[in-house]
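Presented below is the structure to which this report refers.
Residue numbers (this note's numbering): 2 to 311.
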């Protein structure tokens, strides 16, 4: 079944109701906008591709937890028994002491590539996928207009950002509770906090990680308005992600690296300090807001001028 044939029935009904009679004035209905958002969310999260991405993200904490459990089964520490637990993602040496650290480790392991790649796929396909399947022009028949459709696509992408991050966190918490002890935990600064406070910080870290992806989501949406090929848009977005990640590791580019959308991604670790270091966290959120504003505006300008032929 083609993508055009698979449009949810409620979306078709909404659009049929939205077609004005001869001489009628087309007035956007706020309820139509909510219906469109609901339809987009259902369409996105019912796709096998989306479910596969979420399954892969959920599997990462499981694999990390099992690997740590096997490596430490003989009583040795992670990474060969060194005082810091060897290499690997942040917090990994603390997992055996408290399973809650698996949440922080899983987010640190997925943030550089797996989470952004999933966001790039969803954002890149937002507009280009509709154009490629021939449903974009049909969507614009309704009186919501291009601006509302673009905002709906962006909100849907951001919802996926949050859901994907929470999937990683919940999977890690579940595996950590099953394989390792839980209780009070030691922060990076060496102070002790209760398990309840640790859970609160884990939730806050998950929200910060999701917010760290809004710049990439806007960039992917902009790329999606430049082409009618969903695959090309997804590949370009992921390619830009990889390129920026590589450039961020070149010492000679240190002067411009703070302006890369990925530069402060791992600053969420500062939420596990006592007191919390807010400088890099604020810089990260500021950079994300800047990218969202710039590429969101560029996506809107491009989409408003785009010749819709499909």
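Note that the Cβ used here is the ideal one computed from N, Cα and C, for glycine as well. Everything numeric in this text was worked out from a predicted model, so none of it was measured.
Assigned exposure category for residue i - 16 Cβ within 10 Å defines buried
i: residue 56; result: exposed
i: residue 222; result: buried
i: residue 243; result: exposed
i: residue 225; result: buried
i: residue 296; result: buried
i: residue 209; result: buried
i: residue 195; result: exposed
i: residue 35; result: exposed
i: residue 283; result: exposed
i: residue 302; result: exposed
i: residue 41; result: buried
i: residue 24; result: Residue placement at residue 24 is flagged as unreliable, the pLDDT there being 38, under the threshold of 50; the coordinate-derived value follows with that caveat. That one is exposed.
i: residue 277; result: exposed
i: residue 201; result: exposed
i: residue 190; result: exposed
i: residue 165; result: buried
i: residue 298; result: exposed
i: residue 132; result: buried
i: residue 86; result: Residue confidence for residue 86 is low, a pLDDT of 39 falling below 50, so the modelled location carries little weight and cannot support an answer.
i: residue 184; result: exposed
i: residue 137; result: buried
i: residue 179; result: exposed
Test item: CB-CB of residue i and residue j under 8 Å
i: residue 228; j: residue 219; result: no
i: residue 124; j: residue 169; result: no
i: residue 129; j: residue 167; result: no
i: residue 96; j: residue 69; result: yes
i: residue 232; j: residue 265; result: no
i: residue 113; j: residue 214; result: no
i: residue 262; j: residue 239; result: no
i: residue 119; j: residue 54; result: yes
i: residue 127; j: residue 175; result: no
i: residue 188; j: residue 274; result: yes
i: residue 173; j: residue 103; result: yes
i: residue 65; j: residue 110; result: yes
i: residue 216; j: residue 293; result: yes
i: residue 186; j: residue 52; result: no
i: residue 115; j: residue 105; result: no
i: residue 161; j: residue 237; result: no
i: residue 254; j: residue 248; result: yes
i: residue 99; j: residue 182; result: yes
Terminal residues of the alpha helix (DSSP H) in which residue i lies
i: residue 132; result: 115 to 134
i: residue 237; result: 231 to 248
i: residue 99; result: First-last for residue 99: undefined, no H or E at that position.
i: residue 63; result: 49 to 72
i: residue 271; result: Where residue 271 is concerned, there is no enclosing alpha helix (DSSP H), given that its DSSP letter is neither H nor E.
i: residue 301; result: 280 to 306
is_contact[residue i, chain D] using C-beta, thresh 8 Å
i: residue 198; result: Of the protein chains in this structure there is only one, and it is not chain D.
Residue ranges of each alpha helix (DSSP H) within the region 178 to 238, 4 or longer: DSSP runs (the alpha helix (DSSP H)) wholly in the region 178 to 238: 196 to 212, 215 to 225.
Touch check for the region 265 to 279 and the region 198 to 207: three-plus C-beta pairs under 8 Å? Yes, they touch.
Under 8 Å: do the region 180 to 199 and the region 147 to 158 share three or more Cβ pairs, one atom per stretch? Touching, no, given that fewer than three Cβ pairs across the two stretches are closer than 8 Å.
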